[in-house]
Structures are given as structure tokens and as C-alpha cells.
Amino acid sequence: PLAMILAVKDGLAWLGERKEDPELLRISAEIEGAVIDLLQEGRILTYDLVGPERAARCSEVGDEVCRKLATRLDRG
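Under my numbering, think of the first position of the sequence shown as 620, with each following residue one higher.
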């Protein structure tokens, strides 16, 4: 799910640059920040990143990115 989430981030960044929309650029940066937070925390990650013993479901990883993103957007 992280690659897809980052692809959305890239799409928003492209559109933000094209339309000169600072809000889209901010949201794009916050999505990237949420993914970085998740990776640095290392608690909820998929099989390909941590192996079968610690793996979370894709939906759990996506939900956690959404929670982290919501927190970041509420602050900013």
C-alpha cells in the first residue's frame, strides 16, 4: 500500500505545481511525512518490510497512514 500512497502523493505534487496550488503541495508533503513517520516507527509494516512474524495486513498499514496523515493535517 505504501507505493500506491506515494504515487497519490506524487500526483498531488504534480498537480499542485501545475496549478500553482500551495494546498495541494502541502497535502502532498504531509502524505510523504505520514509514510516516513510510519517507516521510522517500524511498528505497523507489511510482510515485504518485516517478514511474516511481524507483518501487518495491507489494510492495517493503510489505516495507520491515514491516522498519521489526519494528525498531521490537524496540526497544520
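Where a beta carbon is used, it is the ideal one built from N, C-alpha and C, also for glycine. In this text, all values refer to a predicted model and were calculated from it rather than measured experimentally.
(Q) Can you tell me whether I624 is buried or exposed? The criterion is at least 16 other CB atoms within 10 Å of its CB, across all chains shown. (A) buried
Check whether the Cβ atoms of R676 and E649 lie closer than 8 Å to each other. no
Practice item. Round the Cβ separation of A653 and L631 to the nearest angstrom and send it over; I've been treating them as touching at under 8 Å. Key: Incorrect: roughly 13 Å between the Cβ atoms, too far for contact.
| Would you call K628 buried or exposed, if buried means 16 or more other Cβ atoms sit within 10 Å of its Cβ? | buried
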